[in-house]
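S.K.: My questions all concern the structure below.
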Amino acid sequence: MKNILKPRQALFLLICFVVIALAIIGGRYFTTLENKVADIEGLRTIRPPRDVNAMVMHEDRLWVGGRDGVFEIDMDTNTVIRELNLPKNVDLVKGLVVDENQKLWIGHFGGLTLYDLKKDTFEDLDVLQDKRVNCLYQDAEGNIFVGTWGGVTKYDGFEYSRITAGDGLLHDMVNVICQDDGGGLWFGHYVAPSGGISYLLNNKWQYFSTNEGMPHNNVTSIYQDQKGDVWVGVGLFYEGGLVKFEKDVLEWRIKDVYTKGEDGLSGEKIRSLYEMKDGSFWIGSEYDGMTIVKDVQEIIEPKLKRRYLTEEQGLAGYEVKVMLEDKNHNLWLGTQNGITVLEVKAIRNLFPTR
1 MKNILKPRQA
11 LFLLICFVVI
21 ALAIIGGRYF
31 TTLENKVADI
41 EGLRTIRPPR
51 DVNAMVMHED
61 RLWVGGRDGV
71 FEIDMDTNTV
81 IRELNLPKNV
91 DLVKGLVVDE
101 NQKLWIGHFG
111 GLTLYDLKKD
121 TFEDLDVLQD
131 KRVNCLYQDA
141 EGNIFVGTWG
151 GVTKYDGFEY
161 SRITAGDGLL
171 HDMVNVICQD
181 DGGGLWFGHY
191 VAPSGGISYL
201 LNNKWQYFST
211 NEGMPHNNVT
221 SIYQDQKGDV
231 WVGVGLFYEG
241 GLVKFEKDVL
251 EWRIKDVYTK
261 GEDGLSGEKI
271 RSLYEMKDGS
281 FWIGSEYDGM
291 TIVKDVQEII
301 EPKLKRRYLT
311 EEQGLAGYEV
321 KVMLEDKNHN
331 LWLGTQNGIT
341 VLEVKAIRNL
351 FPTR
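Just so it is clear: in the sequence shown, position 46 is 46 by the UniProt record's numbering, and no numbers are missing.
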């Protein structure tokens, strides 16, 4: 009898383990999809490229960069025109910017490369102390900032300068850069537990981290909405959230913090943020697709105000890294597994009464 019971007990324990595991995973998955949208018309997928870290629009073209290289896409036809024949040192593209001279700046893990759109030529720039580029950003004045593992390099059209921890940054690892409408610069660090945000305005610094109430110190995205509030996405794996900042006289302060469990975000770690011209707010997660609210101010409303978009409805990949709205108000979503293009009619179907 003992020889019979032992295998049965083992089988029973195995079944219990599988059921519990599926319950945990399933509970997590279906909670995320509680207000999922149905399959929507007007959604297209573009592959290649697959891995997408950066996108920039220039005229009727979209330039896309990532692990697969740099691609030129016709936004009118949603077709890939070509893949650039990049120099051998270009590896893992993390940022793209087109300057006023029609040169495409390509930030990658091997440094900084310029591609002349008119002459079809490349130029490697030896101006970075640390060639591991995390991001590129162009401010309202046309200055170009390069965020690296070793601080920030700024190009003002004439010369290069550096901003490091010695100048006031919390840390030299700068993952994301954003300028607000007051001219202040937000530098997001990704080095938890010592990360956070360094804010620079008029040569004065202000800092934010978990000490001030952020849910995590790894900063993935920074975005200022049309009403002037600044939103910051943070997290690592299954920890993180969304932080709302508001201006308090001369300084910024944390207004609210939103998470998956408390506020119905699709996932814990926020990966990207974007507000369309119609006011809808799009929140990309690391593992769980998109959370969408009709108006950025409605994020504080009940969860039923949200919509979720995942691979089940046609999203190219679960990790949405970058978003752009084109001149026709279509939304382009760059993921770890291709590009999703949401046409206007598809966006309207998310909120039928809009």
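C-beta: ideal position from N, C-alpha, C; glycine also.
Out of V320, Y258 and L273, which one is the CA nearest neighbour of G338?
M.R.: Translated into the one-based positions of the sequence shown, residue 338 becomes position 338. Of the listed residues, the one whose Cα sits closest to G338 is V320.
S.K.: Going by DSSP in three states, T121 sits in which element: helix, strand or coil?
M.R.: Looking up residue 121 in the sequence shown gives position 121. For T121, the three-state secondary structure derived from DSSP is strand.
S.K.: Of the choices L242, D278, S209 and L236, whose alpha-carbon is the least far from that of Q226?
M.R.: On the sequence shown, residue 226 is found 226 positions in, with the first residue counted as 1. It is D278.
S.K.: In chain order, what are the residue ranges of uninterrupted beta strand (DSSP E) at least 3 long that sit wholly in the stretch 128-177?
M.R.: 133-138, 144-148, 151-155 and 160-163
S.K.: Give me whichever residues DSSP pairs with K103 in a beta bridge.
M.R.: For the purposes of this step, residue 103 is taken as residue 103 along the sequence shown, with counting starting at 1. Answer is D116.
S.K.: Quick check on DSSP: helix, strand or coil for V249?
M.R.: As a first step, residue 249 is located in the sequence shown; it is residue number 249 there, counting from the start. If DSSP states are grouped into helix, strand and coil, V249 belongs with coil.
S.K.: To the nearest whole angstrom, what separates the beta carbons of K118 and Q138, a pair I think is in contact under 8 Å?
M.R.: For this step, residue 118 is matched to residue 118 along the sequence shown. For this step, residue 138 is matched to residue 138 along the sequence shown. For a cut-off of 8 Å, the C-beta gap from K118 to Q138 is around 19 Å, too long to register as a contact.
S.K.: I need the DSSP call for Q336, collapsed to helix, strand or coil.
M.R.: Position 336 of the sequence shown, counting from 1, holds the residue named residue 336. Three-state result, Q336: coil.
S.K.: Specify the secondary structure class of V52 as computed by DSSP and reduced to three states.
M.R.: Mapped onto the sequence shown, residue 52 falls at position 52. In this structure, V52 counts as coil in the three-state DSSP scheme.
S.K.: Am I right that L315 and G289 are in contact with their C-beta atoms under 8 Å? What's the rounded C-beta distance?
M.R.: Numbered from its first residue, the sequence shown carries residue 315 at position 315. Numbered from its first residue, the sequence shown carries residue 289 at position 289. That belief holds up - the Cβ atoms of L315 and G289 are roughly 6 Å apart, short of 8 Å.
S.K.: Can you tell me whether I73 is buried or exposed, with buried defined as 16 or more other CB within 10 angstroms of its CB?
M.R.: One-based indexing of the sequence shown puts residue 73 at position 73. Buried: at least 16 other Cβ atoms inside 10 Å.
S.K.: Determine, using beta carbons only, whether G338 comes closer than 8 Å to chain C.
M.R.: You won't find chain C in this structure, because it holds only one protein chain.
S.K.: Can you give the Cα-Cα distance for F30 and E251, rounded to whole angstroms?
M.R.: Within the sequence shown, residue 30 is the residue found at index 30, counting from 1. Within the sequence shown, residue 251 is the residue found at index 251, counting from 1. At F30 the pLDDT is 31, less than 50, meaning the model places this residue with poor confidence; the figure from the coordinates comes in the next sentence. Looking at the two C-alpha atoms, the distance is approximately 40 Å.
S.K.: For T77, does the count of other Cβ atoms within 10 angstroms reach 16, so buried, or fall short, so exposed?
M.R.: By 1-based counting over the sequence shown, the position of residue 77 is 77. Burial call: exposed.
S.K.: In whole angstroms, what separates the C-alpha of F351 from that of T210?
M.R.: For this step, residue 351 is matched to residue 351 along the sequence shown. For this step, residue 210 is matched to residue 210 along the sequence shown. Straight-line Cα distance between these residues: approximately 35 Å.
S.K.: Helix or strand or just coil, what does DSSP make of G289?
M.R.: On the sequence shown, position 289 is the one that residue 289 refers to. Residue state, collapsed to three classes: coil.
S.K.: Helix, strand or coil, according to DSSP, for D256 in the structure here?
M.R.: For the purposes of this step, residue 256 is identified with residue 256 of the sequence shown, where counting begins at 1. Note: D256 maps to strand in three-state DSSP.
S.K.: In this structure, does DSSP put R67 in helix, strand or coil?
M.R.: The residue given as residue 67 occupies position 67 in the sequence shown. R67 falls in the coil class under three-state DSSP.
S.K.: Please classify R348: does DSSP put it in a helix, a strand, or coil?
M.R.: Here residue 348 refers to the residue found at position 348 of the sequence shown. It is helical.
S.K.: Helix, strand or coil for Q313 per DSSP?
M.R.: Against the sequence shown, residue 313 aligns to sequence position 313. Correct three-state label for Q313: helix.
S.K.: In this structure, how does DSSP classify G261 when only helix, strand and coil are distinguished?
M.R.: Taking the first residue of the sequence shown as position 1, residue 261 is located at position 261. G261: helix per DSSP, three-state reduction.
S.K.: Quick check on the DSSP output: the beta strand (DSSP E) that includes T45 runs from which residue to which?
M.R.: Numbered from its first residue, the sequence shown carries residue 45 at position 45. It spans L43 to I46 - the beta strand (DSSP E) in which T45 sits, taken as one unbroken run.
S.K.: Could you tell me which of K204, I177 and N203 sits nearest to G196, measuring between CA atoms?
M.R.: Indexing the sequence shown from 1 puts residue 196 at position 196. G196 has its Cα closest to that of I177, out of K204, I177 and N203.
S.K.: State the beta-bridge partners of T275 as determined by DSSP.
M.R.: Position 275 of the sequence shown, counted from the first residue, corresponds to residue 275. At residue 275 the sequence reads Glu, which differs from the Thr that was named. Partner(s): F281.
S.K.: Tell me, which residues are paired with D225 by DSSP?
M.R.: Along the sequence shown, read from residue 1 onward, the residue named residue 225 stands at position 225. The partner list for D225 (beta bridge, DSSP) is empty, contrary to what the question assumes.
S.K.: I need the boundaries of the beta strand (DSSP E) containing residue 369, first residue and last residue.
M.R.: Since the first residue of the chain shown is 1 and the last is 354, residue 369 is not available in this structure.
S.K.: Let me know if P193 comes out buried or exposed under the rule of 16 or more other beta-carbons within 10 Å of its beta-carbon.
M.R.: As a first step, residue 193 is located in the sequence shown; it is residue number 193 there, counting from the start. P193 comes out exposed.
S.K.: Specify, as a first and last residue, the run of the beta strand (DSSP E) that E83 falls within.
M.R.: Counting from one through the sequence shown, the residue named residue 83 turns up at place 83. Its beta strand (DSSP E) spans residues T79 to E83.
S.K.: Under 8 Å between the Cβ atoms of G317 and I270?
M.R.: Residue numbering aside, residue 317 sits at position 317 when the sequence shown is read from its first letter. Residue numbering aside, residue 270 sits at position 270 when the sequence shown is read from its first letter. It is not a contact, given that the beta carbons lie outside the stated cut-off.
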